[in-house]
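The structure appears right after this line, and notes come after that.
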Amino acid sequence: MSRILRHAAIAIMLLLAGGRPALAADPLYEPQMERLLTIMGSLYLLDPMCSHIDRFWRYQAEDLINLDQPDDDRRQRLYGAFNQGYEDYSRTYVSCTPAARMALDTLLDEAEALTQDIHSRFAE
């Protein structure tokens, strides 16, 4: 698992370890989680295109969603966020350009910041 996702996974596991009552409302970290999954969808497209490395973003996103144990509605929204990230960047980039490399670096930085934010604000 990448360093970026390790923080988010730890945060989610810590949240679940305390026992989570069944809630109809989204968790407080929902906006960050959806943004993180949107970024992961974008990385799923850009990373192999520009770095020629497959970091398995789709599988890592699926693992992260499963760790969070969302209800069906949230699960669909989280998968939708991932797909939206992929679709948004697939309309813009078909090959690795300097702009695509810059977007990749920016997205990796944002994903790392989000995972640290989720971990520090919601897991401790």
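Going by the numbering used here, the sequence shown opens with residue 1, and the numbers climb by one from there. Heads up, the beta-carbon is just placed ideally off N, CA and C, and yes, glycines get one too.
In terms of Cβ geometry, Leu-78 and Met-40 do not form a close pair [threshold 8 Å].
Segment contact: the region 87-103 against the region 39-56, three or more CB-CB distances shorter than 8 Å; contact assigned.
Contact check for Leu-37 against Ala-61 passes: the beta carbons are separated by less than 8 Å. Apart from the 5 residues on each side of it in sequence, Ile-65 sits with its Cβ closer than 8 Å to the Cβ of Leu-37, Arg-75, Leu-78, Tyr-79 in its chain, given in chain order.
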